[in-house]
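Residue numbers (the UniProt record's numbering), protein chains in the order written: chain A, 1 to 348; chain B, 1 to 348.
Protein chains: 2
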Amino acid sequence: MESQTPVGRKITLNDIAAGCGVSRATVSLVLRGSPLVNKQTRARVEEELRRQGYVYNRAAANLRRRTSSSVALVLNELANPFFAEFASGVDEALGEAGFVTLLGNTGESAAREQAVLGSLIEHGPAGIILAPAEGSEAHDVLAAVGPHTPMVLFNRELGGAQPEFAHWDRLMLDNQRGTRLATEHLIAQGHKRIAFFGGADDASSGRDRYAGYAQAMQAAGLAIAPHWRVESKPSRMDAARAAHALFNGDPAPTAAVCYNDAVALGLMLALHQRGLRPGSDFALTGFDDIAEAAMSTPPLTTLSTAPRTLGRQAAELLLARLREPQASARTIIAPVELVVRESSRPPH
Amino acid sequence: MESQTPVGRKITLNDIAAGCGVSRATVSLVLRGSPLVNKQTRARVEEELRRQGYVYNRAAANLRRRTSSSVALVLNELANPFFAEFASGVDEALGEAGFVTLLGNTGESAAREQAVLGSLIEHGPAGIILAPAEGSEAHDVLAAVGPHTPMVLFNRELGGAQPEFAHWDRLMLDNQRGTRLATEHLIAQGHKRIAFFGGADDASSGRDRYAGYAQAMQAAGLAIAPHWRVESKPSRMDAARAAHALFNGDPAPTAAVCYNDAVALGLMLALHQRGLRPGSDFALTGFDDIAEAAMSTPPLTTLSTAPRTLGRQAAELLLARLREPQASARTIIAPVELVVRESSRPPH
DNA sequence: CCGTGTGATTGGAACGATCCAAAGGTAACC
DNA sequence: GGTTACCTTTGGATCGTTCCAATCACACGG
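This is the structure:
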């Protein structure tokens, strides 16, 4: 149980009713714009509402009607611009549909995710949009939200067996196609020794992105040296630290497909430190097309995902589910688009 | 009135009570960990809670207790990394205190701000943290939230007369000192013709930042040419478009203090297009220290504000107000720190 | 004059929790 | 045995809204 704070005396329907000599029920009808009430009565009531500064108590209404007007949005990393834009898309679309967004940030911790879900669920959201933290397990999520709460999974799969009786919708990026495109682009530029840098194989997005890379390499008949797969946390700083491993083996790669923009930027940093110019001495690509990607030196070739649009899509997916709770689960694989900039020049 | 959606049958206290042969009141006591209940009873009830998968209905409890366990966070631009980090700080601190964050994004539109506030207030938040949209008026905000809702204003002042009976707390950046430091730094580097670029004078932060710049220039006995004040929207793209105005007059500046990092990065873009190398051919400083600032070419000298910490602070301010509703209004001016990087080299 | 239809209004019971005063049970003491 | 005290439990009212069936006022047709 948690701390809560008292709120000041509020104006209720009873106050309005008393104030203009009608019943509570009539005022309620006015509020909801019912055609039943007489024109003059309505005018009188509306005047009184204004006069007393009435504000609707949606929680009480939701209790009585057994409805909900909120949706929980749980993100693994709000501070990441990709998710921030995603969140603003979600909020926008939910707002248009009359819902309010309950925010929860987990900071990539599965434990915090549990706590956050547990706390949000008590506020009775109509549904949940979840971008799982790394290592988050389907079993735990199910335990936290129960089998009946509509949910949209974004960006990553949950670990463990998927409970098939809870029909969860999914909005995933076309990770594999994305890195395949990037890899094919580097190959077309003339690169042959291409590494895959950053991310971790225990997240579904990491595995998928690696798979796309491997697929393109194989299709081109190019071998992959074991030391060309370097893992890192999906953050710039950790990537910069991990980068040296790329050059420890022989033969050294001339290019790298990176897990996302953050690690690509980290790799750029590390390249500079080694005296290599990204783009001309070493080619690389990112994933996400965050704002920084266009501004880096050189500008980063990457995969554009339009996170704000994704946010709207996730909201739409949830809203559709609310309209039709029994529909079978949908999975949307959002397309990604290769944006070629100057970080992926041919080898010299 | 807005659309809402039905929620499935939920387990209530009555179900639990019936399920283990005690009264509703006893179950409620167990839930709240009251020391009154007998050990064995408690165990029996807790077992039953687990068995039936009970989830607490906080809305119902809040209704009865006339409390609230949520706080509304209304931001002018969530997609901006500065505010995204701020939001994650707010959410973190609120979560620790047992509150849930209701999110609202206004996209710099005062009209949307009105709508968002109106919708959020119906959910009965214990308080509001508001980063006002450009041109947002105190009068309108007051009308939307009423005089009794605790509120923390962040980052900008509201327009119009401040209603003194509503004691609103404030968390503002030390804008003036920030740009003064930046300007003094450029002067110390040897610059004499320094412009002030970006932002608008009808937002309080814009005026304050300009004032800091003007103050430093005056203190150094440097004159300011009229065409050295160029306004723009606080976005990168608009800044890049507006930048040419800096070079239309004579004498041209050799450096610029920028309204924030976004416009500084936009200015960099424009400089490149003119064939000028930022840093060496033209010095500039930003404001905010967003992640991109350290990564730009050259890295941007800017003012660090630690937005996540600011978020925590805003939350603390609101929580303090909830504990002490009658305390007089507090204003915190958060310090900013000059981070010198390579975009502010001496003129040649 | 009565029955009936229509339009407008209303009292009271919900929703799921908490609060409060009261009561039941047991043990201890005089 | 009766009084007191303590520990535990409980019924019913309540928070602010919506729902529902019932009621009321009034006009109309037969």
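Each residue gets a CB set at the ideal place from its N, CA and C atoms; glycine is no exception.
Note that this is a predicted model, so its numbers are computed, not measured.
Residue i and residue j closer than 8 angstroms at C-beta
| i | j | result |
| --- | --- | --- |
| L63 of chain A | A59 of chain B | yes |
| Q189 of chain B | A283 of chain B | yes |
| Y213 of chain A | D201 of chain A | no |
| T301 of chain A | A334 of chain A | no |
| L322 of chain B | A182 of chain B | no |
| Q114 of chain A | A144 of chain A | yes |
| E77 of chain A | E108 of chain A | yes |
| H272 of chain A | N248 of chain A | no |
| D232 of chain A | L265 of chain A | Before going further, note that residue 232 of chain A is Ser rather than Asp in the sequence given. In this structure, L265 of chain A does not lie closer than 8 angstroms to S232 of chain A by Cβ. |
| L303 of chain B | V336 of chain B | yes |
| G291 of chain A | E92 of chain B | Per the sequence presented here, residue 291 of chain A reads as Ala, with Gly not at that position. Not a contact, by the Cβ cut-off of 8 angstroms. |
For residue j and residue i, the rounded distance between their alpha carbons
| i | j | result |
| --- | --- | --- |
| Q218 of chain A | D288 of chain A | 24 angstroms |
| M1 of chain B | L31 of chain A | Residue placement at M1 of chain B is poorly supported in this model, since its pLDDT is 40, which falls under 50; the coordinates still yield a value, given next. Distance between the alpha carbons of M1 of chain B and L31 of chain A: 8 angstroms. |
| P125 of chain B | V100 of chain B | 9 angstroms |
| F196 of chain B | A131 of chain B | 24 angstroms |
| V22 of chain A | E122 of chain B | 23 angstroms |
| H348 of chain A | G135 of chain B | 54 angstroms |
| R345 of chain B | M151 of chain A | 52 angstroms |
| H167 of chain B | G159 of chain B | 16 angstroms |
| A225 of chain A | L246 of chain A | 10 angstroms |
| P35 of chain A | L29 of chain A | 8 angstroms |
| M237 of chain A | V230 of chain A | 14 angstroms |
| R51 of chain A | S70 of chain B | 27 angstroms |
| G33 of chain A | N155 of chain A | 41 angstroms |
| L173 of chain A | L153 of chain A | 11 angstroms |
| L49 of chain B | Q326 of chain A | 27 angstroms |
| N38 of chain A | V27 of chain A | 11 angstroms |
| P298 of chain B | F86 of chain B | 26 angstroms |
| V90 of chain B | L317 of chain B | 11 angstroms |
| T41 of chain B | A97 of chain A | 45 angstroms |
| R9 of chain B | R24 of chain A | 28 angstroms |
| N14 of chain B | R180 of chain A | 56 angstroms |
| A79 of chain A | A72 of chain B | 18 angstroms |
| D250 of chain B | R112 of chain B | 42 angstroms |
| A252 of chain A | P307 of chain A | 34 angstroms |
Nearest to residue i (by Cα), restricted to the options the options
| i | options | result |
| --- | --- | --- |
| F82 of chain A | A:G311, A:L322, A:Q176 | A:G311 |
| R66 of chain A | B:V71, B:R66, B:T67, B:N57 | B:N57 |
| residue 351 of chain B | B:R193, B:Q52, B:R51 | Missing from the structure shown is residue 351 of chain B; chain B here goes from 1 to 348 and no further. |
| S88 of chain B | B:I129, B:E113, B:A294, B:E108 | B:I129 |
| E47 of chain A | A:P147, A:C20, A:V37, A:L36 | A:C20 |
| P267 of chain B | B:I290, B:P234, B:A291 | Residue identity check: residue 267 of chain B is Leu in the sequence provided, not Pro. Among B:I290, B:P234, B:A291, the Cα nearest to that of L267 of chain B is on B:P234. |
| residue 350 of chain A | A:G206, A:R170, A:P347, A:Q176 | The question about residue 350 of chain A has no answer here: the residues shown for chain A are numbered 1 through 348. |
| S343 of chain B | B:Q326, B:L269, B:P325 | B:L269 |
| N105 of chain A | A:V90, A:A133, A:R9, A:L271 | A:A133 |
| L186 of chain A | A:G159, A:S28, A:A216 | A:A216 |
| G178 of chain B | B:T149, B:D208, B:N14 | B:D208 |
| Q176 of chain B | B:S205, B:E164, B:I11 | B:S205 |
| A17 of chain B | B:Q40, B:N38, B:R44, B:R9 | B:R44 |
| G53 of chain A | B:Q162, B:A293, B:G146, B:R241 | B:G146 |
| A161 of chain B | B:E324, B:R42, B:D140 | B:D140 |
| A239 of chain A | A:T41, A:T254, A:V263 | A:V263 |
| A329 of chain A | A:G275, A:A72, A:P163, A:D91 | A:P163 |
| T309 of chain A | A:I332, A:A294, A:A243 | A:I332 |
| A61 of chain A | A:E324, A:T12, A:E184 | A:T12 |
| S68 of chain A | A:T149, A:G198, A:D250, A:A223 | A:T149 |
| A203 of chain B | B:A110, B:A72, B:P307, B:A79 | B:A110 |
| E324 of chain A | A:A79, A:A72, A:G127, A:P253 | A:G127 |
Nearest-angstrom beta carbon gap, residue j and residue i [assumed within contact, 8 angstroms]
| i | j | result |
| --- | --- | --- |
| L102 of chain A | L120 of chain A | 5 angstroms |
| L117 of chain A | V74 of chain A | 6 angstroms |
| G286 of chain A | N260 of chain A | 6 angstroms |
| A255 of chain B | H191 of chain B | 4 angstroms |
Mind pulling the beta strand (DSSP E) runs of 3 or more residues that sit fully within the region 75–160 of chain A?
-> Here the runs fully enclosed are 100–105, 127–130, 151–154.
In chain order, each beta strand (DSSP E) run of at least 3 residues that lies wholly inside the region 247–313 of chain B | Qualifying beta strand (DSSP E) stretches, in chain order: 255–258, 283–285, 302–304.
Taking only runs of the beta strand (DSSP E) that begin and end inside the region 154–211 of chain B, which ones reach a length of at least 3 residues, in chain order?
-> Qualifying beta strand (DSSP E) stretches, in chain order: 169–173, 194–197.
Alpha helix (DSSP H) segments (min. 4 residues) lying fully within the region 18–70 of chain A | For the alpha helix (DSSP H) assignment, the uninterrupted runs of no fewer than 4 residues enclosed by the region 18–70 of chain A are, from N- to C-terminal side, 24–31, 39–52, 58–65.
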